[in-house]
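Student: Sharing a structure, written as structure tokens. Questions coming.
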Amino acid sequence: MQLASSGGRRLRHAALAARKLALEDGRTVTRKELSAAAREASKALDLRPAQRAVLSELVACWGEQEWERLLVWPSNDYLMSRTGLTERAIRRILRQLVDLQLIVPKDSPNGKRYAVKDLAGQVVDAFGFDLTPVYARRGDWAVALMEQKQLREVQKRAFDEVTICRRVAEEALNALAEHFPDVDRSEFETRLKALQVRTPARSRITLPADLLDAWQLLRTDVEEVFYEAGKAGLGVLHTNNNNGSPSEPCNKGFPRKAEAVRSTEQPSEHLSPELILEACPALGDYGQPVRDLADIVSAGRYLRASLGAHESAWAEAVEDIGTVRAAIAVIYTLQLYEDDVAKNGGESRIKNPGGYFRALTRMVKAGKIDLAVELLAMRRRRMS
1 MQLASSGGRR LRHAALAARK LALEDGRTVT RKELSAAARE ASKALDLRPA
51 QRAVLSELVA CWGEQEWERL LVWPSNDYLM SRTGLTERAI RRILRQLVDL
101 QLIVPKDSPN GKRYAVKDLA GQVVDAFGFD LTPVYARRGD WAVALMEQKQ
151 LREVQKRAFD EVTICRRVAE EALNALAEHF PDVDRSEFET RLKALQVRTP
201 ARSRITLPAD LLDAWQLLRT DVEEVFYEAG KAGLGVLHTN NNNGSPSEPC
251 NKGFPRKAEA VRSTEQPSEH LSPELILEAC PALGDYGQPV RDLADIVSAG
301 RYLRASLGAH ESAWAEAVED IGTVRAAIAV IYTLQLYEDD VAKNGGESRI
351 KNPGGYFRAL TRMVKAGKID LAVELLAMRR RRMS
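Numbering of the sequence shown is given in the UniProt record's numbering, commencing with residue 1 and proceeding in unit increments.
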């Protein structure tokens, strides 16, 4: 800080810089406009509560005179009574506001603050503080607030992505433990715990530069292990339990209405890729071969955007019903939408597929819908 002695109050470089700021020619400023500028300045500079209180009281003293400078002259006693601060605190905060180029001191010969009146008793000048910089720097406040908003949005997206990666990694590890218990998960669990310790709570703290990359890498690695483990069963033939005559029609005895399908026909934990492929031809939009549940998960995550569903809807579904069922819910919703469009001449009664997906997820979680039963019904309708 550059200081210069004037024989009385120390003259600060910030005060000299702020004094060069001026209003537009002929511009009159109301107390409401000045107050709005002060609030923006407080947010842009992240002023502390005591600083905001003193600045607010200075602004409240503005009498809307048609002057070239916005001068106010409240005494320290007045500011103390209005803010509840000590005189020492008032003096310190006034110096800080000067250093921030928010106010400019205008000292009188005796160091007091007072108004100068003409013979008619009208106030024509004053010694005190000049608030012109608060209003003249409105553009600076707007730019700073925009940058803060953009930074908060970037931080929010980063925390959202970390949350999604954490949930997917945890779900994948749980799936490995359930379906492939022989696979060694110790390294991934150690990495997961280490990243959880390093990750700060949602706040204004910026994520470390490498933390998001580490979460994304963990997610990719765990999903790849789950995918490779799932490929081991590609060559296994399904057991044929059909003891009926080969001459009997394959749809003999199948109910024709979805509500008549018994949930015991296909246990929900045995949702197979074959059933999903037969029930949902829309899965062809994925453009990749679907051979196991790992491919189903990839397809569901890819097709989620086709529904117009936000990433948060996918994250919520994964959290509520698991990665596999979340993917199946995406595919099922997409097929319902396409079937409805084909049936109704290019229009669908499902106006918001993304919202339908959210609602379907919640009904599956609540046990009101069994995806296996619904897929069986959809396959039968397609076959008939």
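Backbone N, C-alpha and C fix where the C-beta goes; we use that ideal spot for every residue, glycine too. Model, not experiment: these values are computed from the prediction.
So, is S42 buried or exposed, given that buried needs 16 or more other C-beta atoms within 10 angstroms?
Tutor: buried
Student: Is it buried or exposed for A258, if we count other Cβ within 10 angstroms and need 16 for buried?
Tutor: Residue placement at A258 cannot be trusted, given a pLDDT of 33 that sits under 50; what the coordinates show is reported in the next sentence. Exposed.
Student: Three or more C-beta pairs closer than 8 Å, one from the stretch 277-288 and one from the stretch 128-147: is that the case here?
Tutor: no
Student: If we count Cβ pairs, one from each stretch, closer than 8 Å, do we get three or more for the stretch 70-87 versus the stretch 112-119?
Tutor: yes
Student: Excluding sequence positions up to five away, which residues of its chain have a Cβ less than 7 Å from the Cβ of L45?
Tutor: L100
Student: Less than 8 Å between the CB atoms is what I'm expecting for A38 and L85, so what's the real figure, rounded?
Tutor: With a Cβ gap of about 17 Å, A38 and L85 do not count as contacting.
Student: Rounded to whole angstroms, what's the CA-CA distance from Y332 to V297? Just pull it up for me.
Tutor: 13 Å
Student: For M378, which residues of its own chain have a beta-carbon under 6 Å away from its beta-carbon, when the five flanking residues on both sides are left out?
Tutor: A279
Student: Look at the alpha carbon of L94 and the alpha carbon of R82, and state the distance between them as a whole number of angstroms.
Tutor: 15 Å
Student: Between which two residues does the beta strand (DSSP E) containing G354 stretch?
Tutor: Looking at the DSSP string, G354 is not in any beta strand (DSSP E); the run it does join, the alpha helix (DSSP H), is P353 to K365.
Student: If you run the structure through DSSP and keep just helix, strand and coil, what is F129?
Tutor: In the three-state scheme derived from DSSP, where H, G and I count as helix and E and B as strand, F129 is classed as strand.
Student: Report the start-end ranges of each alpha helix (DSSP H) in the stretch 86-128 that is 4 residues or longer and not cut off at the edges.
Tutor: 87-99
Student: If you draw a straight line from the alpha carbon of G201 to that of E274, how long is it in whole angstroms?
Tutor: According to the sequence as given, residue 201 is Ala; it is not Gly. Roughly 42 Å separates the two Cα atoms.
Student: In this structure, how does DSSP classify L376 when only helix, strand and coil are distinguished?
Tutor: helix
Student: Does the Cβ-Cβ distance between T206 and V162 come in under 9 Å?
Tutor: Going by beta carbons, T206 and V162 fall outside the 9 Å limit.
Student: Below 8 Å, how does it come out for the stretch 167-177 and the stretch 117-127: are there three or more Cβ pairs, yes or no?
Tutor: no
Student: With a threshold of 7 Å on Cβ separation, who are the neighbours of V318 within its own chain once the five nearest residues in sequence on each side are excluded?
Tutor: Excluding positions up to five away in sequence, the list reads R167, V168, E171 and A326.
Student: Can you tell me whether L70 is helix, strand or coil according to DSSP?
Tutor: coil
Student: Can you name, in chain order, every residue of its own chain whose Cβ lies under 6 Å from the Cβ of L217, other than the five neighbours on each side?
Tutor: none
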